[in-house]
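Beneath this line is the structure, given in structure tokens, with notes to follow.
2 protein chains.
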Amino acid sequence: MERVKLIDVARAAGVHPGTASRALSPEAGSLVSAETARRVVRAAERLGYVPNTVARGLRTARSFLIGMVVPDVTNPLFPPMVRGAEQVLSRAGFTLVLTDTDNDAETERRQVEQLRARGTDGFLIATARWEDALVQQLADAGVPAVLVNRNSSPHRLPYVGGDERTGVAEAVEHLVTLGHRSIVHLAGPQDTSTGRERASAFRHALRQHGLPVGRGQVRTCAAYSEQAGLDACTRLLSSSVEFTAILAGNDLIALGALTALAGAGRRCPDDVSVVGFNDLPLVDKLTPALTTVTLPLHEMGALSAQILLGAIDEPGRTGPVAQSLLGIKLAVRGSTGPARP
Amino acid sequence: MERVKLIDVARAAGVHPGTASRALSPEAGSLVSAETARRVVRAAERLGYVPNTVARGLRTARSFLIGMVVPDVTNPLFPPMVRGAEQVLSRAGFTLVLTDTDNDAETERRQVEQLRARGTDGFLIATARWEDALVQQLADAGVPAVLVNRNSSPHRLPYVGGDERTGVAEAVEHLVTLGHRSIVHLAGPQDTSTGRERASAFRHALRQHGLPVGRGQVRTCAAYSEQAGLDACTRLLSSSVEFTAILAGNDLIALGALTALAGAGRRCPDDVSVVGFNDLPLVDKLTPALTTVTLPLHEMGALSAQILLGAIDEPGRTGPVAQSLLGIKLAVRGSTGPARP
DNA sequence: TGTGCGTGCACAAACGATTGCAGCCAACTT
DNA sequence: AAGTTGGCTGCAATCGTTTGTGCACGCACA
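Order-wise, the sequence lines are chains Z and Y. The first sequence begins at -16 in the working numbering and counts up one residue at a time. The second sequence begins at -16 in the working numbering and counts up one residue at a time.
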């Protein structure tokens, strides 16, 4: 039941452990004769040798561990990204460690510290705030890290996200084509890049279509949550602002808005059209099915992992950091319809 | 920027590294004088010493790593369990490594192997099949492991799940109370404990109510998926079996069934009542909102982690293994209604 | 004052792999 | 045929901690 170790393999092959190590390593494989290498490899297979990652990590100062930090695994936005990242990483021999910060900065700090004590080789950060101490710290320390989905203000780390501006532009275009002239944006929190970007893109898109951007037409929600969406929409309804369409900061906000609208007797899409963001599972099964902007979450996870691997491989690089935006699509469904004349 | 290590702390405190180690370890803390201990601790704090987990792991043969194996993170069933487990584990100083097997046995084997090479201290398995080679293997090897959500046939490992039988009983009771006499079960795959257990409990519940269990009244779906539910329900509709209610193996199957019913012009709940299992996010927002059995997923994750920690602490134990069932509740919503006379 | 005992610390050997260095042998050059 | 080169392999140090062992010192007791 004892784990077989390198020295056992070496003995079985009649060589020194050092030689066995080289024979099994693709890197230094050329330093050993083909004949010996074959003998060692065969012995290793026969004995079922599995190298001890911990021992190797101690010597090489690499852990082959990647930490991925998400605010809440329970939010369906993240699992696809995790999956994409894991596939790329595990193919490259890395193990992904997922940690859930529960949206709490202190928890996040602790988790990352613990991971760093493990000698984690790099981080995938999906929790970035617009101004983020942790992100700064990682950048300062020169720890390989990539931001996913949410960016952070001084672009010091690579970032992978969706092309928010285009997504918003398409959504607005869609609404305008349907005849809507009074569109309101229920924006996400402005301490996230997505919240800021979408709001800014919204204003820009309106101007492009020659529509005025009035006061109270962009309303910031306290969080990316259903409750926050409900609150914001309720306030909107009790204000004097007229509107026939809502662009929500994400699907949860859209759901809250739908609830608020229903409560106020406004029908969707007959009275008000609603567009969401993210295309969460099941929003296509609602009545009406939610029109929403879909992000390539899986690809975002995969690409961020690839970029991270690149950064790990050349630690000395000081070139410009990449900000990658992936294509986005609008899924037109039942929650948007022609504006009432 | 160099990481400060134990020897630095020792030097700063004017003691030998061995002594410093003991001073910092609560275990052996009594082997060193209070005065020295204080000096060492202060030095450690001042220098910002963070012990190297890898080196420690090499010496102690413990990694403080727990692997959690799920078939698909993207399935909303799992994230809450992951979350529950992570909270317990991280409090105990362990790091949770999540791996997604993509429902593939070979991937699963590879992942677990990789984790074992890391000296992972224990496993949380959420992928168990009724007959499962991996589970057998872990049990044989004496690796601490706990099954979550799905059990495996010879109960050799501890298991934590929901009280399926009671859940099914309540669902059937609910339907019978509504006047339904012809109830069909679209069962999940029979190579999973949940699929078997729910089907068996369904038969039992019918008998309890004096209802006959006819042929074709329990139909097995090929997978826990929407497509499988749609297929099974389509076949059901084209058979001669009469029914006014469906108990689905889980929510996805229920969704598929709803689609099939709608396609056949049968309305829910007017013509057919449907009950699901799991209470996935948003199923309460559908029209009609899905009546479903809710599992305490978070608690399942937390409890399984606790049991695992216990197993790790006393490796020698050979007592009986615990099979823990947590309470379950029926969420009555719009998809169930009175049977038509 | 000598023996005995206990406390507190230093010493060094692990843990299992990687890797710079040195040595050996064979082959090739001149 | 002697010298040189170069390809393989063995040796031993090393990564940072933990922990068994033993020494030294101080105190108490006879």
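Cβ coordinates follow ideal geometry from the N, Cα and C atoms, glycine included.
At least one CB of chain Y lies nearer than 8 Å to the CB of G40/Z. Taking a Cβ-Cβ cut-off of 8 Å, D267/Y has no neighbours in chain Z, whose nearest Cβ is about 10 Å from it. Between C251/Z and the set A237/Z, N261/Z, D123/Z, the nearest pair of CA atoms involves A237/Z. Between V131/Y and L98/Y, the gap from beta carbon to beta carbon reaches 8 Å or more. For F185/Y, the enclosing alpha helix (DSSP H) starts and ends at 176 to 191.
Here A240/Z is near L169/Z, since their CB atoms are less than 8 Å apart. Taking 4 residues as the minimum length, the alpha helix (DSSP H) runs contained wholly in the stretch 212 to 272 of chain Z are 234 to 246, in order along the chain. Between N261/Y and D234/Y, the alpha-carbon positions lie close to 6 Å from each other.
By the CB criterion at 8 Å, V255/Y and A228/Y fall inside the cutoff.
When rounded, the separation of the alpha-carbon atoms in V159/Y and H192/Y is 8 Å. The three-state reading of DSSP puts R42/Y in helix, counting H, G and I together.
H163/Y: not part of any alpha helix (DSSP H); DSSP gives it neither H nor E. Under the three-state reduction of DSSP, L313/Y is assigned to strand.
Along the stretch 90 to 119 of chain Z, going in chain order, the ones with a CB nearer than 9 Å to a CB of chain Y are T90, R93, Q94, E96, Q97, L98, R99, A100, R101, G102.
In the displayed model, T57/Z falls within coil according to three-state DSSP, outside both helix and strand. In this structure, DSSP gives T36/Z a helical state, which the three-state scheme calls helix. Interface criterion not met: the Cβ of V224/Z is under 8 Å from no Cβ in chain Y. Rounded to whole angstroms, the gap between the alpha carbons of V151/Y and A247/Y is 27 Å. In terms of Cβ geometry, L230/Y and G105/Y do not form a close pair [threshold 8 Å]. The beta-carbon of R66/Y is placed less than 8 Å from the nearest beta-carbon of chain Z. Residue pairing from DSSP leaves R198/Z without any beta-bridge partner. Here G145/Z has L278, L309, I311 as same chain residues with Cβ atoms under 6 Å from its own Cβ, once five neighbours each way along the sequence are excluded.
Pairing S165/Y with I49/Z, the inter-Cα distance amounts to about 53 Å. For V(-13)/Z, there is no enclosing alpha helix (DSSP H), since its DSSP letter is neither H nor E. If one requires a minimum length of 4 residues, the alpha helix (DSSP H) runs lying completely within the stretch -11 to 32 of chain Y are -11 to -4, 0 to 7, 17 to 30, in chain order. Residues A(-4), A3, A6 of the same chain have their beta carbon placed closer than 6 Å to that of V23/Y, with the five preceding and five following residues left out of the count. Of the residues Q119/Z, P127/Z, R92/Z, N35/Z, the one whose Cα lies closest to the Cα of I(-10)/Z is N35/Z. For P63/Y, the closest Cβ of chain Z is nearer than 8 Å.
Of the candidates R190/Y, A188/Y, S183/Y, S183/Y places its Cα closest to the Cα of R202/Y. The beta carbons of E69/Y and D174/Z sit no closer together than 8 Å.
Around the C-beta of H(-1)/Z, fewer than 16 other C-beta atoms lie within 10 Å, and the residue is accordingly described as exposed. In terms of Cβ geometry, V258/Y and T242/Y do not form a close pair [threshold 8 Å]. Per DSSP, L107/Y is one residue of the beta strand (DSSP E) stretching across 105 to 108.
By a beta-carbon distance limit of 8 Å, S46/Z does not contact T90/Z. Their separation comes to about 22 Å.
DSSP places V143/Y inside the beta strand (DSSP E), whose first and last residues are 142 to 145. Pairing R190/Y with P321/Y, the inter-Cα distance amounts to about 21 Å.
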